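All the letters of the sequence shown, read from the start, carry residue numbers -23 to -1, 1 to 341 under mature numbering (1 follows the signal peptide of the UniProt record, and there is no 0). Even glycine gets a Cβ: it sits at the ideal position worked out from N, Cα and C. In this text, all values refer to a predicted model and were calculated from it rather than measured experimentally. Note sheet for the following structure.
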Amino acid sequence: MFKILRKTLLVLAISSLAGLASADTISADNSYRDTSLTNPDQHPLNFNHSKQLVLKDKDNHQRATDAHIQLSYSEKPSAKRAARLEYNPVGWHNYRFKYEKSNGKISKAWLFNRGHLVGYQFSGLNDEARNLVPETAYLNAGALKSTNASNKKSMLYYENHLATWLKANKGYRLDYQVTPLYRNDELLPRQIRLAYVGYKESGKKVTINLHSYREEKGNDETTVVYLDNDSPNAIIDYSTGTARNTLNKEKTLKEEKEAADKASSEAVASAEKVSHEASESLSRELAHSESRAKEAADTAAKQQAQTYVTPDPSPSSAADGNINNTGAYKWAIQDGFNWQTRKGHSTRIAPGGALPAGYHWQVQ
């Protein structure tokens, strides 16, 4: 009997220590954090012998920002949770979307849950706006319909294992921080960050290992997990909370990307064609303008050549023009003579007479 009791105690001790593995065992192959998202501070609360619950205020978009609790097993809530949540977090929509079951049949399930950051089994909070965000059922419960507590992509896996850790280590305290991570002004978080660490009664930290491939080392000896707020049967618009149904998300996204790439390539090709045509049109217009300018210049030159009279440089020609070579008298009019007022002088020049200086012949 004593041997059986000792063996049982040994098994219990090993089970109790299973969650207290060293930090060296926490090392995800790759970080699952999306670096394009917000990254609020991540640190455990200072050790305290009494329960602590810290909920940060909503931001200016009315989004929940952070929920943090530190408690022992005896401080877990005992009241039964209400059957239904009434508060709708910002960005809340819901859809009954189709999905394909493992047997190939098509069924329907609700896409979203009103998701608690710190779960009710730790916080005892239900309709608390600072502790609620729209979460996919897949993130919250690990399955498109019902639950799958073994799914390490879901919050349920970690919540259940942390509850088990608390129960197995009733003299210890659990520090658990849950933070929604957003991209810019989007209403729905794209990821949820979990951070947890244990405290001994002395206040010494204890690393918690829940044996998930997604666990990473966090700050101050914490273990951190990044979970995606998505669903295999939906394409979500995180800026509004709306979504589209798809039975093959990977195929749909691939086809949409190919269509977008094709449209982009066609737009670039069209723009290049328009630019090329505009360039050719401009070149033709410039050539035509140059041709018209040359024609105009040639025409002007011809007209100038036709109207230009070469002056007679012969002095005798000028002299002959000043002699009255007619056989009769010829009137000479003083330069500047005003015909309207008759002011000025005129004179008659006899045949063979010379034109006086400052006078000109009267035009007959």
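(message) So, with DSSP's three-state summary, where would you put Thr113?
(response) Strand, per DSSP.
(request) Flag this pair as touching only if the region 48 to 67 and the region 143 to 152 have three or more C-beta atom pairs under 8 angstroms; answer yes or no. (result) Counting Cβ pairs under 8 angstroms, three or more are found: they touch.
(request) Could you say if the region 38 to 46 and the region 195 to 206 meet the contact criterion of at least three C-beta pairs nearer than 8 angstroms? (result) Put simply, the region 38 to 46 does not touch the region 195 to 206. Fewer than three CB pairs are less than 8 angstroms apart.
(message) Does the structure place the region 66 to 75 close enough to the region 84 to 99 that three or more beta carbon pairs sit under 8 angstroms?
(response) Put simply, the region 84 to 99 touches the region 66 to 75. At least three CB pairs are less than 8 angstroms apart.
(message) Which runs of the alpha helix (DSSP H) at least 4 residues long sit entirely within the region 76 to 138? Give them in chain order.
(response) Runs found: 97 to 100 and 114 to 118.
(request) Please determine, among Gly119, His138, Ser13 and Asn137, the residue with the shortest C-alpha to C-alpha distance to Lys130. (result) When each option's Cα is compared against that of Lys130, the closest is Gly119.
(request) Could you give the DSSP three-state label for Glu52: helix, strand or coil? (result) Glu52 falls in the helix class under three-state DSSP.
(request) Enumerate in chain order the residues of its own chain whose CB-to-CB distance from Ser79 is below 8 angstroms, with the five nearest sequence positions on each side excluded. (result) Excluding positions up to five away in sequence, the list is empty.
(request) Inspect the beta-carbon positions of Thr324 and Ala334 and report whether they are closer than 8 angstroms. (result) The answer is no: Cβ separation not under 8 angstroms.
(request) Measure from the alpha carbon of Lys226 to the alpha carbon of each residue in Ser216, Pro209, Lys239 and Ala237, then state which is nearest. (result) That would be Pro209, whose Cα lies nearest to the Cα of Lys226.
(request) Look at Gln168 and Ala140 and say whether their C-beta atoms are less than 8 angstroms apart. (result) Contact flag unset, no.
(request) Count the CB pairs spanning the region 21 to 37 and the region 171 to 181 that are closer than 8 angstroms, and state whether there are at least three. (result) Segments in contact, yes.
(request) Would you mind sorting Glu163 into buried or exposed? The rule is 16 or more other CB atoms within 10 Å of its CB. (result) It counts as buried.
(message) Rounded to the nearest angstrom, what separates Ala(-1) and Ala56 at their Cα positions?
(response) Low local confidence applies: a pLDDT of 42 at Ala(-1) is under 50, so the model's placement there is unreliable, and no value is given.
(request) Under 7 angstroms Cβ to Cβ from Pro290, same chain only, skipping five residues before and after it: list those, please. (result) Here the model assigns Pro290 a pLDDT of 48, short of 50, so the residue's position is not dependable, and the following value carries that caveat. If we look at Pro290 and ignore the five residues flanking it on each side, it has no Cβ neighbours.
(message) Which of the three DSSP states is assigned to Asn196 in this structure?
(response) The three-state secondary structure of Asn196, taken from DSSP, is helix.
(message) Could you give the first and the last residue of the continuous beta strand (DSSP E) run that contains Gly175?
(response) Following the DSSP letters along the chain, one finds Gly175 inside the beta strand (DSSP E) bounded by residues Gln168 to Tyr176.
(message) Less than 8 angstroms between the C-beta atoms of Ala114 and Tyr64, yes or no?
(response) Pairing Ala114 with Tyr64 gives a Cβ-Cβ distance that is not under 8 angstroms.
(request) Put His253 into one of helix, strand or coil per three-state DSSP. (result) In the structure shown, His253 sits in a helix (DSSP, three-state: H, G or I).
(request) Measuring alpha carbon to alpha carbon, tell me which of Lys144, Lys82, Glu112 and Ile185 ends up nearest Leu165. (result) If we check each option's Cα against that of Leu165, Glu112 comes out closest.
(message) Between which residues of its own chain and His93 is the CB-CB distance below 6 angstroms, once the five residues before and five after are set aside?
(response) Excluding sequence neighbours, His93 sits near Asn108.
(request) Select from Tyr336, Arg58 and Val67 the residue whose C-alpha is nearest the C-alpha of Gly298. (result) Of all alpha-carbon atoms in Tyr336, Arg58 and Val67, the one lying nearest the alpha-carbon of Gly298 is that of Tyr336.
(message) Quick check: Gly313 and Pro328, are their CB atoms within less than 8 angstroms of each other?
(response) Result no, Cβ atoms of Gly313 and Pro328 do not sit closer than 8 angstroms.
(request) Look up Ser208 in the DSSP assignment and say whether it is helix, strand or coil. (result) Correct three-state label for Ser208: coil.
(request) Alpha carbon to alpha carbon, how far is His138 from Ala145? Give it in angstroms, no decimals. (result) If you take the alpha carbons of Ala145 and His138, they lie about 10 angstroms apart.
(message) Does Val155 come out as helix, strand or coil in the three-state DSSP assignment?
(response) For Val155, the three-state secondary structure derived from DSSP is strand.
(request) Say yes only if the C-beta of Leu224 is nearer than 7 angstroms to one or more non-hydrogen atoms of the ligand SAH, and no if none qualify. (result) As far as ligands go, the structure on display features none, and thus does not contain the ligand SAH.
(request) Count the other CB atoms, across all protein chains shown, that sit within 10 Å of the CB of Ser13; report buried if there are 16 or more and exposed otherwise. (result) Under this definition Ser13 is an exposed residue.
(message) Whole angstroms are fine: how far does the CA of Asp214 sit from the CA of Ser256?
(response) If I take the Cα positions, the gap works out to 41 angstroms.
(message) Please tell me whether Tyr135 and Val202 are closer than 8 angstroms, where the distance is taken between their beta carbons.
(response) Contact: yes.
(request) Starting from Leu32, follow the beta strand (DSSP E) in both directions and report where the run begins and ends. (result) Leu32 -> beta strand (DSSP E) spans Gln29 to Leu32.
(request) Round the Cβ separation of Thr124 and Leu133 to the nearest angstrom and send it over; I've been treating them as touching at under 8 angstroms. (result) Between Thr124 and Leu133 the beta-carbon gap is near 6 angstroms, inside 8 angstroms, which marks them as a contact.
(request) Drop a sphere of 10 angstroms on the beta-carbon of Ser100, count the other beta-carbons inside from all chains shown, and report buried for 16 or more, exposed for fewer. (result) If you draw a 10 Å sphere on the C-beta of Ser100, you find 16 or more other C-beta atoms in it, and that means buried.
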